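Asker:
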Amino acid sequence: MNIWTKAFVGLVVFSIAGSALSSATSLDPGPIKPVASVLTIGVGVIALARMAKWWQVAAVVAIGAAAEICGIYTGLPFGRYEYTDRWWPTVLLPGDNRFPLLLPLAWFLIAGGCALAMRPSGKTALILAPLMATLIDFFMEPVMTRTLDYWRWLEPGPLPGGAPLLNPIGWFVTSILATVVLMKSRSKESSVDAGWVLSGYVCLIAGLWAVN
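Its first residue numbered 665, the sequence shown is counted upward by one per residue in the numbering used here.
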């Protein structure tokens with residue numbers, strides 16, 4: 665486990681413990697909460713980025729940003745939704761549409777992390793990595809939409825968190841693109857650290873759900 669992966673795991677533990685303390689005491693964490701969010705995602709991205717070339721990281725971030733911007737304006741490929749001002753820092757796009765700046769990095773953390781976590785297995789990874797990312801989103805939706813109130817579905821569907829049936833399709837397709845970009849960067853060594861980052865992220869989501 666490299667030092668950045670260890671730092672990410674430490675930030676996950678800190679975030680869960682801080683959320684539990686805030687929930688138990690009703691204390692407002694103030695700026696600590698958004699700063700911890702920025703640090704956790706940022707350090708997680710750095711830990712994963714060390715396993716890939718810079719252009720691959722940039723490409724996956726761009727894929728995530730493009731998919732989200734398209735989704736905000738057209739409802740494709742995920743369904744119709746909007747972001748709130750809770751996911752700091754957030755900027756306004758034309759039409760007063762909010763766009764969290766950490767959003768493209770989160771795509772690299774999840775979709776990119778799943779691609780890097782797959783041990784080299786040829787075309788099998790093109791199915792397994794996107795499937796893993798899509799399953800993580802199933803688990804993540806209720807926390808992000810209800811616990812954290814980061815986004816809202818404008819046309820709620822039957823899936824966890826009110827996600828529509830189109831959402832997992834969008835996740836799978838977008839994650840396939842990320843996997844294609846990162847396929848040649850996968851190795852047995854990188855898959856171990858990427859696995860730790862993904863496990864830490866899932867534990868973070870589970871912890872936030874449990875303490876709120």
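No residue lacks a Cβ here, since even glycine has one placed at the ideal position from N, Cα and C. If you're wondering where the values come from, they're calculated on a predicted model, not measured in any experiment.
Could you tell me whether the Cβ atoms of Gly682 and Lys670 are closer together than 9 Å?
Answerer: The sequence position of residue 682 within the sequence shown is 18, counting from 1. The sequence position of residue 670 within the sequence shown is 6, counting from 1. No, the Cβ-Cβ distance between Gly682 and Lys670 is not below 9 Å.
Asker: To test your reading of the DSSP string, which unbroken beta strand (DSSP E) runs of 3 or more residues are found completely within the stretch 795-843?
Answerer: Those beta strand (DSSP E) runs which fall completely within the stretch 795-843 and span 3+ residues are 815-817.
Asker: Spatial neighbours of Trp781 within its chain, please: CB distance less than 7 Å, with the 5 preceding and 5 following residues excluded, ordered by chain position.
Answerer: On the sequence shown, residue 781 is found 117 positions in, with the first residue counted as 1. The displayed chain sequence assigns Ala, not Trp, to residue 781. Cβ within range, chain order: Ser855, Ala858, Gly859 and Leu862.
Asker: Specify the secondary structure class of Phe672 as computed by DSSP and reduced to three states.
Answerer: As a first step, residue 672 is located in the sequence shown; it is residue number 8 there, counting from the start. In the structure shown, Phe672 sits in a helix (DSSP, three-state: H, G or I).
Asker: When burial is assigned at 16 or more other CB atoms within 10 Å of the CB, is Asn831 buried or exposed?
Answerer: For this step, residue 831 is matched to residue 167 along the sequence shown. So Asn831 ends up on the buried side.
Asker: Spatial neighbours of Asn876 within its chain, please: CB distance less than 7 Å, with the 5 preceding and 5 following residues excluded, ordered by chain position.
Answerer: Taking the first residue of the sequence shown as position 1, residue 876 is located at position 212. So the qualifying residues of the chain are Ser683, Ser687 and Thr811.
Asker: Given this structure, state the Cα-to-Cα distance separating Leu691 from Leu685, to the nearest angstrom.
Answerer: Along the sequence shown, read from residue 1 onward, the residue named residue 691 stands at position 27. Along the sequence shown, read from residue 1 onward, the residue named residue 685 stands at position 21. C-alpha separation (whole angstroms): 8 Å.
Asker: Tell me Phe763's beta-bridge partners as DSSP assigns them.
Answerer: Residue 763 sits at position 99 when you count from the first residue of the sequence shown. Bridge partners of Phe763: Val755.
Asker: What's the gap between the Cα of Tyr745 and the Cα of Glu819?
Answerer: Here residue 745 refers to the residue found at position 81 when the sequence shown is read from its first residue. Here residue 819 refers to the residue found at position 155 when the sequence shown is read from its first residue. The alpha-carbon atoms of Tyr745 and Glu819 are separated by roughly 7 Å.
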